[in-house]
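Chemist: Counting from 451, one number per residue, gives the positions in the sequence shown under the numbering used here. The beta carbon of each residue, even a glycine, is placed where N, CA and C say it ideally should be.
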Amino acid sequence: MTQQFEDLRTVASIVNGVETMEGEGFLVRRPFPTHALSEFDPFLLLDEMGPKDYSPGQAKGAPDHPHRGFETVTYMLTGRMEHKDSQGHQGQLRPGDVQWMTAGAGVVHSEMPEREFAREGGRLHGFQLWVNLPRRDKLMTPRYQEIPAEKIPVAQSADGLVKVKVIAGESLGARALIETRTPIIYLHLTLEPGGHVVQPVPREYNAFAYVIDGAGLFGAREAVDGQMVMFAQDGDALEISVPEEAAEPLDVLLIAGLPLNEPVARYGPFVMNTREEIYQALEDYRSGRMGDIAF
451 MTQQFEDLRT
461 VASIVNGVET
471 MEGEGFLVRR
481 PFPTHALSEF
491 DPFLLLDEMG
501 PKDYSPGQAK
511 GAPDHPHRGF
521 ETVTYMLTGR
531 MEHKDSQGHQ
541 GQLRPGDVQW
551 MTAGAGVVHS
561 EMPEREFARE
571 GGRLHGFQLW
581 VNLPRRDKLM
591 TPRYQEIPAE
601 KIPVAQSADG
611 LVKVKVIAGE
621 SLGARALIET
631 RTPIIYLHLT
641 LEPGGHVVQP
651 VPREYNAFAY
661 VIDGAGLFGA
671 REAVDGQMVM
681 FAQDGDALEI
691 SVPEEAAEPL
701 DVLLIAGLPL
711 NEPVARYGPF
721 VMNTREEIYQ
731 ALEDYRSGRM
741 GDIAF
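1) So for ALA599, helix, strand or coil by DSSP?
2) Taking the alpha carbon of ILE602 as the point to measure from, which residue in SER560, TYR525, VAL702, MET680 has its own alpha carbon closest?
3) Is it buried or exposed for VAL674, if we count other Cβ within 10 angstroms and need 16 for buried?
4) May I ask you to report which of helix, strand or coil DSSP gives GLN730?
5) As a quick exercise: from ALA568, TYR504, GLY473, SER463, pick the residue whose alpha carbon is nearest that of ALA486.
6) Would you tell me roughly how many angstroms separate the C-alpha atoms of GLU772 and LEU495, rounded to the nearest one?
7) Which one or two residues does DSSP pair with MET678 in a beta bridge?
8) Could you work out which residue in ALA715, ASN656, PRO713, LEU710 is closest to HIS459 when comparing CA atoms only?
9) Does the region 693 to 707 come within contact of the region 644 to 662, defined as at least 3 CB pairs closer than 8 Å?
10) What is the DSSP secondary structure of GLU570, reduced to helix, strand or coil?
11) Tell me the DSSP secondary structure of ARG725 in three-state form.
12) Expressed to the nearest angstrom, what Euclidean distance is found between the alpha-carbon atoms of GLN683 and ASN711?
13) On the DSSP bridge assignment, give the partners of SER691 in chain order.
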């Protein structure tokens, strides 16, 4: 039986990603925040890292830096990264892996190319999403959820033309392993030519899609790689399709979440609710209360 929805969402706008430099000087493509779009509640940032081919010894990362008051979600497509933090945690991210870090009260961490990858070079491509935390969780104990590629639930449509990796939320009968503090849907969809999917999204959620590769139809609007599609809150599902005559598949992230509707005070790597809380975060970091990476 086909699930019926009251309304399909329309597209509110399509935004082009802006290229900028991060960390030690690596290039990212960022649809937000920009001068035109500061945030998309509950989301604070989306960066596409690469795709870039690095020569041996040239790969760059983000050395020691702090975070407080939100979550970072890192999803690797190709390449390998390693991370360390002031809580004594360390690990690696390989192709297809996801790391969901809840910074909470504060953590200092580094995100660098894995040593062998840095030495040998290769292609690096991935995404980092920042998710705001509600006021009640901003000072929670930091934690990590790391899901290797082989444990991320994967589903496909009955005709085999749509494949989805379910990082958060649920799609095509598959449910994610990640536990989120804010209700979130995070999907990586691949649609072959002729593919079509209708994804349920609660009407109250903000929702967007980011095209990784190819082109597709989002409702009646077309978007291509590097573009972010912002959906209006006028339906309980959204539709993505690829024409049968398309020359290549569509690779796209679909991300949605329940808005917090809380004040946002933001300064670099700190996101709180008031200016005074930002001052306190700066003081805590400068005084060493967030710790340091000593290994």
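Modeler: The structure says:
1) helix
2) TYR525
3) exposed
4) helix
5) SER463
6) No statement about residue 772 is possible, as the shown extent of the chain runs from 451 to 745 and does not include it.
7) VAL465, TYR660
8) The question names His, yet the displayed sequence has Arg at residue 459. Comparing Cα positions, the closest option is ASN656.
9) yes
10) helix
11) helix
12) 15 Å
13) HIS646, LEU667
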